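Trainee: To start, I am sharing the structure in question, which I have written as structure tokens.
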Amino acid sequence: MRSVIGDSSASFTASSLPKRQILHVSGSTLAKLLVAPAILFLVLLFFYPLWTIASLSLNLPNLSMASYQRYAASAAFIGTTERTFVLSIIVTVVCLLLGYPTAAFLSRMAKEGRAYLLVCVILPYLTSLLIRTYAWMVLLGDDSPINKFLMFAGFTSRPVPLLFSTTGALIGMVHIMLPAMILPIYSVIHGMDREQMRAASALGGGPFRAFFKVFLPQSLPGVRSGCTLVFALSLGFYVTPAALGSPKDAMLSNLIASLVTGALDFRYASAISIVLLALTLLIYFAMGGGLGSIVERDGGAPARSRLGAIVTAPLRALENSSWLTGFNRRLWQRRLGRSGSDAPIGRWGVAAFGLIVLVFLIVPSVIVVVMSFSGEDMLSFPPASWSLRWYQAFFADNSWIGATGISAKIAVSSSAIALVLGTMAAYGLARGNVRGRQFLYALVLAPIIVPSVVTAVGMFNVLAAWGLIGTTTGVLLAHTPGAISYVVIILSGTLMGLDRRLEMASMSLGASHLRTAFRVVLPLIAPGMLAAAIFAFIHSFDEVVISSFVAGANLQTLPLRIWQDIQYQVDPVIAAVSALLMLIPVAALPLIRRRGSGVAI
26 MRSVIGDSSA SFTASSLPKR QILHVSGSTL AKLLVAPAIL FLVLLFFYPL
76 WTIASLSLNL PNLSMASYQR YAASAAFIGT TERTFVLSII VTVVCLLLGY
126 PTAAFLSRMA KEGRAYLLVC VILPYLTSLL IRTYAWMVLL GDDSPINKFL
176 MFAGFTSRPV PLLFSTTGAL IGMVHIMLPA MILPIYSVIH GMDREQMRAA
226 SALGGGPFRA FFKVFLPQSL PGVRSGCTLV FALSLGFYVT PAALGSPKDA
276 MLSNLIASLV TGALDFRYAS AISIVLLALT LLIYFAMGGG LGSIVERDGG
326 APARSRLGAI VTAPLRALEN SSWLTGFNRR LWQRRLGRSG SDAPIGRWGV
376 AAFGLIVLVF LIVPSVIVVV MSFSGEDMLS FPPASWSLRW YQAFFADNSW
426 IGATGISAKI AVSSSAIALV LGTMAAYGLA RGNVRGRQFL YALVLAPIIV
476 PSVVTAVGMF NVLAAWGLIG TTTGVLLAHT PGAISYVVII LSGTLMGLDR
526 RLEMASMSLG ASHLRTAFRV VLPLIAPGML AAAIFAFIHS FDEVVISSFV
576 AGANLQTLPL RIWQDIQYQV DPVIAAVSAL LMLIPVAALP LIRRRGSGVA
626 I
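Note that the sequence shown ends on residue 626 in the numbering used here; no numbers are left out.
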């Protein structure tokens, strides 16, 4: 019998082990037992709903492709699919162009300053999607601060129609997705050895050649993760294009929702949902499963995928070009005798660009908070007068308070269930020798990869059959799969950073795997569990797409109340609600930073 600690060549007889350890379950068995509850929960409340969509779209058991033929023959829906794809590509490319230099700038900052600047990335990431969308509704209007500035600076003599336009939709989508691009890239760049760039410079490599040969290849895993995440999530955009774009900017998610809630054509909606799901999975696997780097690392080996090869081929050709080689040689000759890090123009240029991006991320939320104290009937910036009237209106309205209470109740319950199941699954996958671990990781992460509207259609089918539409229990069950995914992602990172020798020492002293998990591991990962619970809570509290399908007409969560209001009017009360909701990430951020969320700060 092999020992679970130290040298793999060391072996012990069964009689030399404590008797109580022999009676306890083995590590692999314990891992399977820990992973099983989360997988079973997801099979029942995530994958089974997806199966109902597929079966309904095919009219099983009477197999029929009529819905797909109808889709293929519809120029309008094919056009919407193309528009969804194109807008998602644009959002991903813009986020990469903005996010990569910003991540590089943050990684070069001193630790003290970096911690404060990272708040400008993490705070918007934790802030409600609805609130950020509402902020841009305020900022892009005809009487908005942006239009006032453009007219004051002489760029235009009349307000530019930014709201309810493709430009407005793209601005909002980029703003929402940008943190999801910056954080994975920053995480990888932050862990890179800076001495390699200095060595490349000392050996005659100019800044461009050093970047393409040394810096870029090492950062590609973060680029892959960020691009995969942003593109997959952009394909499923629902709220932002509906609120900021024009009707011609509708994406597949918006048309699916209209088919379900308006036309009541569930079979056709299911077929288009499968098309959207197929697009998402195609991109995800073409990129090599970008989120895999979050939960699985192989010692820093560069990421490889077919799409990655396509992207890097022109870069390799560029960095080997004769004109660039000559340019680098001239730069190196000019830099002789100067330190490897003496590149003030490049350094200050990246810093200025990074600061502009951070301002772009944080200012919309700040402006909405300021406008929430306006004493006027209509929102304006800066406010002509100051008042707490909109906060008073919120607390005096029972419908707002009731919706807030329902959302809090569901979010607390959902995060509690997700924390238990997700912690067990993360530990089992990270520590157990489980066959098909990558496949199990993919199953657990699927709820945050699959577009929310696809999940919502499936949830509606299943919960309607169970009689749970319009109930708190139904909404709670619908929110929990995504919350489990966030818990597993965060705790997988926490467990990867945990010194396994502590567990080995515990078991070498006679503790079983189970006892070690409770007495050693849980106390050590408690900070990560707190961060995971916060993310799970925010995920549920902010959920609007799935809730709009399964909450029914009688159950109203806070995001649903906000969403219904902003579709028809820019109610100043929403500014006050937005400011109050921002207190959640503001309060959570110090805890996440202090306790360790898996993001290097």
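Even for Gly, the Cβ is constructed at its ideal location relative to N, Cα and C. All of these numbers come straight from a predicted model, not from anything done at the bench.
Do you know offhand how far Ala601's Cα is from Gln581's?
Mentor: 19 Å
Trainee: Three Cβ pairs or more, each shorter than 8 Å: is that satisfied between the stretch 269 to 287 and the stretch 76 to 85?
Mentor: Taking 8 Å as the limit for Cβ pairs, the verdict is that the stretch 76 to 85 does not touch the stretch 269 to 287.
Trainee: What residues match up with Ser390 in a beta bridge as DSSP calls it?
Mentor: Answer is none; Ser390 lacks a bridge partner.
Trainee: Determine the DSSP secondary structure at Ser510, reduced to helix, strand or coil.
Mentor: For Ser510, the three-state secondary structure derived from DSSP is helix.
Trainee: To which residues of the same chain is Asn84 closer than 6 Å at the C-beta, ignoring the five residues directly before and after it?
Mentor: none
Trainee: I'd like the list of long-range same chain contacts for Leu606, defined as Cβ closer than 6 Å, with 5 residues on each side in sequence excluded.
Mentor: Ser153, Ile156
Trainee: Answer yes or no: do Ala160 and Ile392 have a C-beta to C-beta separation smaller than 8 Å?
Mentor: yes
Trainee: My output table needs one value for Ser19: the three-state DSSP class, helix, strand or coil.
Mentor: In the structure as shown, the chain begins at 26 and stops at 626. Residue 19 is therefore absent and cannot be evaluated.
Trainee: Are the stretch 283 to 294 and the stretch 65 to 73 touching, with three or more C-beta to C-beta distances below 8 Å?
Mentor: no
Trainee: On the DSSP letters alone, give me the boundaries of the alpha helix (DSSP H) that Asp567 sits inside.
Mentor: 547 to 567
Trainee: May I have the straight-line CA-CA distance separating Val119 from Phe102, to the nearest angstrom?
Mentor: 26 Å
Trainee: Nearest-angstrom Cα distance between Trp411 and Met162?
Mentor: 21 Å
Trainee: Who are the near neighbours of Gly483 in its chain, counting only those whose CB is closer than 6 Å to its CB and skipping five residues on each side?
Mentor: Pro74, Leu75, Thr77, Ile78
Trainee: Within the continuous alpha helix (DSSP H) that includes Met484, where are the two ends?
Mentor: 477 to 491
Trainee: Here's the rule: buried if 16 or more other CB atoms are within 10 angstroms of the residue's CB, otherwise exposed. What is Leu88?
Mentor: exposed
Trainee: Could you tell me which of Thr191, Gly427, Asp167 sits nearest to Thr181, measuring between CA atoms?
Mentor: Proximity to Thr181 across Thr191, Gly427, Asp167 peaks at Asp167, based on C-alpha coordinates.
Trainee: Check whether the stretch 294 to 308 and the stretch 184 to 200 touch, using three or more Cβ-Cβ pairs below 8 Å as the test.
Mentor: no
Trainee: Give the straight-line distance between the Cα atoms of Leu608 and Phe566, rounded to the nearest whole angstrom.
Mentor: 13 Å
Trainee: Spatial neighbours of Thr105 within its chain, please: C-beta separation below 8 Å, excluding the five flanking residues on both sides.
Mentor: Ala275, Met276, Leu277, Leu280
Trainee: Report all residues from its chain with a CB closer than 6 Å to the CB of Leu165; omit the five preceding and five following residues, and keep chain order.
Mentor: Counting only residues of its own chain and dropping the five nearest sequence neighbours on each side, Leu165 has a CB closer than 6 Å to the CB of Leu187, Leu188, Gly193.
Trainee: For Tyr125 and Ile210, which I take to be in contact (beta-carbon distance under 8 Å), what is that distance rounded to the nearest angstrom?
Mentor: 6 Å
Trainee: Can you find at least 3 beta carbon pairs, one from the stretch 486 to 501 and one from the stretch 542 to 557, that sit closer than 8 Å?
Mentor: no
Trainee: Any idea which residues DSSP pairs Trp411 with across the strands?
Mentor: Ser399
Trainee: Less than 8 Å between the C-beta atoms of Pro476 and Leu301, yes or no?
Mentor: A Cβ-Cβ contact shorter than 8 Å links Pro476 with Leu301.
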